[in-house]
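Visitor: Residue numbers are given in the UniProt record's numbering: position 617 of the sequence shown equals residue 617, and the series is strictly consecutive.
Starting off with a structure, shown below.
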Amino acid sequence: MEEKHEDSSFSGLDDDSGSNVDPDGGLSVMSGCFFLDHVGEVLLSRNQDGLSWKCLDSSDCEGTTCLGIRNSENFKTEIKFSDIYAVEFANYGLVHSSKLGLGHAKECFRERLLNTQEMYRFTVHGYQCSPKEPCLWKLAAFTFGHMNLQTCQSWLDQLNYSLIKEVERPRNLLVFVHPKSGKGTGTKIWETVSMIFIRAKVNTKVIVTERAGHAFDVMASIQNKELHSYDGIIAVGGDGFFNEVLNGYLLSRLEVPLPPSPSDSSNYVQSRGSSSVPESGDAVHETDQKEHSPLLPDSVQEVVNCRAFNGSSEGIEDPDHPFSGERPRFGLIPAGSTDAIVICTTGARDPITSALHIILGRKLFLDAMQVVRWKTASTSTIEPYIRYAASFAGYGFYGDVISESEKYRWMGPKRYDYVGTKVFLKHRSYEAEVMFEESEPENAKASPHTRSKTWPFRNTTRSEKILCRAKCSICNCKAEDGNIMRTTPNSWLEKARWCRTRGRFLSIGAAVMSNRNERAPDGLVVDAHLSDGFLHLILIKDCSRPKYLWHLTELAKKGGEPLNFEFVEYHKTRAFTFTSIGEESVWNLDGEIFEAHHLSAQVLRGLIPLFASGPEV
Ligand SMILES: Nc1ncnc2c1ncn2[C@@H]1O[C@H](COP(=O)(O)OP(=O)(O)OP(=O)(O)O)[C@@H](O)[C@H]1O
């Protein structure tokens with residue numbers, strides 16, 4: 001692994017008289033003179049938040065060379081403890097003076113060579129943001145040198161003490177590596193980042209999977225006692241692999257009331273006439289019908305709340321519940337074909353950035369979608385079968401792409417482009433009935449009624465988009481009806497309004513997050529949030545190929561408006577149900593195939609604690 005700043009270090013004076021430890025035990029402010037490798041003499045200070053240094057020789061600093069040529073690139077003068085992942089003693093060795101003058105003037109070069117000397121050293125390991133891509137974190141190391149061993153040792157001890165106080169950092173991790181993920185580089189990627197974990201003294205138990213389902217089986221069978229001995233569960237792989245690890249954990253542990261089945265939800269929809277006005281001359285809308293209901297009937301509510309996985313309807317407040325304690329945090333190191341979850345949660349598709357988010361103990365909560373299949377085929381008996389998705393569930397186009405692409409796994413990530421084109425050309429639509437809880441009536445009303453007269457295909461309604469970012473205020477605001485982890489999830493159903501829409505669809509998609517990826521730079525829904533407790537339901541009604549291509553082109557470009565077409569129905573919702581009619585496609589859950597004739601889904605707000613801080617968009 002390339003460590004760009006490994007050559008920056010500090011070296012010290014030949015006595016420690018500059019060190020100044022305050023009388024309260026040296027825990028707040030401390031300062032001393034050192035040599036910073038490749039920079040020169042500095043006054044190093046430690047305060048409660050971190051380290052900072054000031055050059056004592058102005059010709060070495062502020063990026064100015066002796067020829068007056070400015071070179072301020074990567075010139076850092078402070079680092080917070082929260083951004084330091086390790087400090088190490090670096091033995092006795094060479095400390096170099098500023099590299100800035102070396103290439104520019106012979107006399108400077110000669111003088112600086114004289115300044116290169118051997119001393120005791122310690123290295124502070126952290127990261128720097130890439131100037132062009134702030135979400136991309138590069139390793140940075142600063143080596144400080146001093147002639148006195150004890151001075152170095154004492155600074156090292158103090159720094160280690162400060163790092164111990166950094167809470168929420170993992171010490172023990174269970175790591176699953178999918179060796180064949182993406183381009184088959186899962187193992188190589190883990191080998192590349194594992195040395196960062198070693199340096200940070202994070203213990204890892206590594207399981208390299210031997211087959212599909214291996215990680216699921218381990219997570220499903222691991223005893224809770226052993227599970228709780230880990231501070232986190234890490235997946236090195238793609239979105240599908242993360243989904244497998246997550247389901248292995250959740251399916252045997254999480255007990256929450258299920259979302260209403262399609263027949264339950266059809267009871268909620270009270271006919272008040274169609275609210276979806278068919279467009280004249282557009283045959284697609286002839287079957288569209290959307291109805292609204294006020295409050296749920298009490299009897300239905302009871303049925304819903306009593307039906308729960310593993311027979312429990314207690315939610316997860318119960319202290320004896322295996323899920324009610326501290327949940328392990330999950331981490332994902334990207335090695336897959338798409339890696340949308342990593343891109344949405346760290347802002348970069350980079351194994352080192354993800355490893356640093358994990359080691360530094362960054363934390364956010366991700367919404368998850370609980371998907372229940374009630375019936376696999378129209379002739380099957382009702383048998384609830386649960387799955388969780390962290391990013392996306394899609395039917396029609398998305399399902400056909402995933403099932404077809406299984407045949408072309410040998411092509412690697414390129415299979416999605418090839419199969420995507422094939423499926424697009426087939427242009428298949430599927431008849432279905434979808435019911436959804438209407439969370440934002442004003443949002444739903446905006447769709448088919450406010451069409452542009454000038455653009456035949458477009459609905460020109462636009463609203464201000466608030467993007468999800470690190471420390472997102474929308475994700476951090478407390479839900480009116482409480483977070484899923486504190487109340488039963490169906491409490492909101494009491495106030496729910498349900499809508500029904502039926503027709504032929506090219507695709508049906510439900511996004512938990514924006515799903516930004518390299519093929520869709522803004523994702524499916526640019527302003528989707530990681531932890532706001534909403535799903536984004538996108539129904540692409542049957543339309544001509546050129547119109548569909550237009551939608552896909554908008555998806556593929558930055559700043560596109562893929563939802564701004566009249567054949568696209570978009571709803572922000574907390575739950576929906578689906579029933580297929582006639583010929584069927586399959587569902588695609590986080591990239592994995594899921595067959596369902598009757599299906600329902602609900603969002604579980606903030607269900608997944610994740611080692612990430614959100615994208616700095
Ligand atoms: N050792 C293995 N051999 C074969 N398949 C495996 C192995 N380990 C895990 N898998 C399966 O591979 C699937 C895809 O993994 P992953 O998401 O890492 O790859 P990907 O290339 O990004 O694929 P996708 O685009 O389908 O998500 C996982 O769902 C998992 O079940």
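For glycine and all other residues, C-beta sits at the position ideal for the given N, C-alpha and C.
All of these numbers come straight from a predicted model, not from anything done at the bench.
Where do the ends of the beta strand (DSSP E) carrying residue 377 lie?
Guide: Taking the sequence shown and counting its residues from 1, one reaches residue 377 at position 377. No beta strand (DSSP E) contains residue 377, which DSSP labels as neither H nor E.
Visitor: Check this for me: beta carbons of residue 330 and residue 610, under 8 Å apart or not?
Guide: Position 330 of the sequence shown holds residue 330. Position 610 of the sequence shown holds residue 610. Yes, they are a contact pair.
Visitor: Please state whether DSSP places residue 404 in a helix, a strand or coil.
Guide: Mapped onto the sequence shown, residue 404 falls at position 404. Here residue 404 sits in helix by DSSP.
Visitor: Let's test the definition: count the other Cβ atoms within 10 Å of the Cβ of residue 520 and tell me whether it reaches 16, buried, or not, exposed.
Guide: Sequence index remark: in the sequence shown, residue 520 carries index 520 (1-based). Residue 520 comes out buried.
Visitor: Give the C-beta separation of residue 577 and residue 600 to the nearest angstrom, bearing in mind that I take them to be a contact with Cβ-Cβ under 8 Å.
Guide: Looking up residue 577 in the sequence shown gives position 577. Looking up residue 600 in the sequence shown gives position 600. Indeed they touch by this definition, with Cβ atoms about 4 Å apart.
Visitor: Contact defined as beta carbons within less than 8 Å: I believe residue 356 pairs with residue 137. What is the distance between those atoms, to the nearest angstrom?
Guide: Counting from one through the sequence shown, the residue named residue 356 turns up at place 356. Counting from one through the sequence shown, the residue named residue 137 turns up at place 137. Confirmed, Cβ separation roughly 5 Å.
Visitor: Flag residue 612 as yes when its Cβ comes closer than 7 Å to any non-hydrogen atom of ligand 1, and as no otherwise.
Guide: Taking the sequence shown and counting its residues from 1, the one referred to as residue 612 is at position 612. Outside the cutoff, so no.
Visitor: Report all residues from its chain with a CB closer than 8 Å to the CB of residue 78; omit the five preceding and five following residues, and keep chain order.
Guide: Mapped onto the sequence shown, residue 78 falls at position 78. Answer for residue 78: 50, 51, 52 and 53, listed in chain order.
Visitor: Checking 8 Å against the spacing of the C-beta atoms, do residue 585 and residue 399 come in under that value?
Guide: For the purposes of this step, residue 585 is taken as the residue at position 585 of the sequence shown. For the purposes of this step, residue 399 is taken as the residue at position 399 of the sequence shown. In this structure, residue 399 lies closer than 8 Å to residue 585 by Cβ.
Visitor: Does the Cβ of residue 357 lie closer than 7 Å to at least one heavy atom of ligand 1?
Guide: The residue given as residue 357 occupies position 357 in the sequence shown. No; taking the cut-off as 7 Å, the Cβ of residue 357 has no heavy atom of ligand 1 nearer than that.
Visitor: Look at residue 513 and residue 537 and say whether their C-beta atoms are less than 8 Å apart.
Guide: The residue given as residue 513 occupies position 513 in the sequence shown. The residue given as residue 537 occupies position 537 in the sequence shown. No.
Visitor: Roughly how many whole angstroms lie between the Cα atoms of residue 557 and residue 549?
Guide: Counting from one through the sequence shown, the residue named residue 557 turns up at place 557. Counting from one through the sequence shown, the residue named residue 549 turns up at place 549. Approximately 13 Å between the Cα atoms of the pair.
Visitor: If you follow the alpha helix (DSSP H) that residue 667 is in, where does it begin and where does it stop?
Guide: Not covered by the structure: residue 667. The range shown for the chain is 1 to 617.
Visitor: Quick check: the Cα distance between residue 545 and residue 568, rounded to an integer number of angstroms?
Guide: In the sequence shown, counting from the first residue as 1, residue 545 sits at position 545. In the sequence shown, counting from the first residue as 1, residue 568 sits at position 568. Distance between the alpha carbons of residue 545 and residue 568: 14 Å.
Visitor: On the DSSP bridge assignment, give the partners of residue 499 in chain order.
Guide: Here residue 499 refers to the residue found at position 499 of the sequence shown. Answer is 436, bridged to residue 499.
Visitor: What did DSSP end up calling residue 466 once you bin it into helix, strand or coil?
Guide: Here residue 466 refers to the residue found at position 466 when the sequence shown is read from its first residue. Reduced to three states, the DSSP call for residue 466 is coil.
Visitor: According to DSSP, is residue 224 part of a helix, a strand, or is it coil?
Guide: Position 224 of the sequence shown, counting from 1, holds the residue named residue 224. Three-state DSSP puts residue 224 in a helix.
Visitor: According to the neighbour-count rule (16 or more other Cβ atoms, all chains shown, within 10 Å of its Cβ), is residue 605 buried or exposed?
Guide: Position 605 of the sequence shown, counting from 1, holds the residue named residue 605. Residue 605 is buried by the Cβ-count criterion.
Visitor: Could you give the residue range of the beta strand (DSSP E) that holds residue 95?
Guide: Working through the sequence shown from its first residue, we reach residue 95 at position 95. Segment 86-95, the beta strand (DSSP E) holding residue 95.
Visitor: Starting from the C-beta of residue 26, find all residues in its chain whose C-beta is less than 7 Å away, skip the five residues before and the five after it, and write them out in chain order.
Guide: For this step, residue 26 is matched to residue 26 along the sequence shown. Low per-residue confidence applies at residue 26: pLDDT is 49, beneath 50, and the placement is therefore not dependable, though the value from the model is reported in the following sentence. 158.
Visitor: On the three-state DSSP scale, how would you describe residue 70?
Guide: Taking the sequence shown and counting its residues from 1, the one referred to as residue 70 is at position 70. Note that residue 70 has pLDDT 42, beneath the 50 cutoff, so the model's placement of it is unreliable and the number below is only indicative. Of the three classes helix, strand and coil, the one that applies to residue 70 here is strand, per DSSP.
Visitor: Run through DSSP, which three-state label would residue 382 get?
Guide: As a working note, residue 382 is residue 382 in the sequence shown. Reduced to three states, the DSSP call for residue 382 is coil.
Visitor: Count the other CB atoms, across all protein chains shown, that sit within 10 Å of the CB of residue 228; report buried if there are 16 or more and exposed otherwise.
Guide: Reading the sequence shown from its first residue, position 228 is the one you call residue 228. Counting Cβ neighbours within 10 Å, residue 228 comes out exposed, since fewer than 16 surround it.
Visitor: Rounded to whole angstroms, what's the CA-CA distance from residue 518 to residue 527? Just pull it up for me.
Guide: As a working note, residue 518 is residue 518 in the sequence shown. As a working note, residue 527 is residue 527 in the sequence shown. Their Cα atoms are separated by approximately 17 Å.
Visitor: For residue 246 and residue 534, I'd like the C-alpha separation in whole angstroms.
Guide: The residue given as residue 246 occupies position 246 in the sequence shown. The residue given as residue 534 occupies position 534 in the sequence shown. Distance between the alpha carbons of residue 246 and residue 534 is about 19 Å.
Visitor: From residue 130 to residue 352, what distance separates their C-alpha atoms?
Guide: Within the sequence shown, residue 130 is the residue found at index 130, counting from 1. Within the sequence shown, residue 352 is the residue found at index 352, counting from 1. Straight-line Cα distance between these residues: approximately 12 Å.
Visitor: Is there contact here, the segment 184-196 with the segment 211-222, by at least three beta-carbon pairs under 8 Å?
Guide: No, the segment 184-196 does not touch the segment 211-222.
Visitor: Can you give me the start and stop residues for the beta strand (DSSP E) that residue 45 sits inside?
Guide: Working through the sequence shown from its first residue, we reach residue 45 at position 45. From DSSP, the beta strand (DSSP E) with residue 45 extends over 40-46.
Visitor: Measuring alpha carbon to alpha carbon, tell me which residue in 384, 240, 219 and 241 is nearest residue 250.
Guide: Taking the sequence shown and counting its residues from 1, one reaches residue 250 at position 250. Closest option to residue 250, Cα to Cα, is 219.
Visitor: If you draw a straight line from the alpha carbon of residue 559 to that of residue 466, how long is it in whole angstroms?
Guide: As a first step, residue 559 must be located in the sequence shown, where it is residue number 559. As a first step, residue 466 must be located in the sequence shown, where it is residue number 466. Roughly 14 Å separates the two Cα atoms.
Visitor: Decide if residue 244 is buried, meaning its Cβ has at least 16 other Cβ atoms within 10 Å, or exposed.
Guide: Counting from 1 along the sequence shown, the entry for residue 244 is found at position 244. With 16 or more other Cβ atoms within 10 Å, it is buried.
Visitor: By how many angstroms is the C-alpha of residue 432 removed from the C-alpha of residue 506?
Guide: What you label residue 506 is simply residue 506 of the sequence shown in a count that begins at 1. What you label residue 432 is simply residue 432 of the sequence shown in a count that begins at 1. Computed Cα separation, rounded: 10 Å.
Visitor: Round the Cβ separation of residue 393 and residue 437 to the nearest angstrom and send it over; I've been treating them as touching at under 8 Å.
Guide: Residue mapping note: residue 393 aligns to position 393 of the sequence shown, counting from 1. Residue mapping note: residue 437 aligns to position 437 of the sequence shown, counting from 1. Wrong, their Cβ atoms sit about 16 Å apart, outside the cutoff.
Visitor: Cβ of residue 387 versus every heavy atom of ligand 1: is any distance shorter than 7 Å?
Guide: Residue numbering aside, residue 387 sits at position 387 when the sequence shown is read from its first letter. False, no ligand heavy atom lies under 7 Å from that Cβ.
Visitor: With DSSP run on the structure shown, which of helix, strand or coil describes residue 201?
Guide: Locating residue 201 in the sequence shown gives position 201, where the first residue counts as 1. Residue 201 falls in the coil class under three-state DSSP.
Visitor: How many angstroms separate the CA atom of residue 179 from the CA atom of residue 589?
Guide: Walking along the sequence shown from the start, residue 179 turns up at place 179. Walking along the sequence shown from the start, residue 589 turns up at place 589. Answer to the nearest angstrom: the Cα atoms are 21 Å apart.
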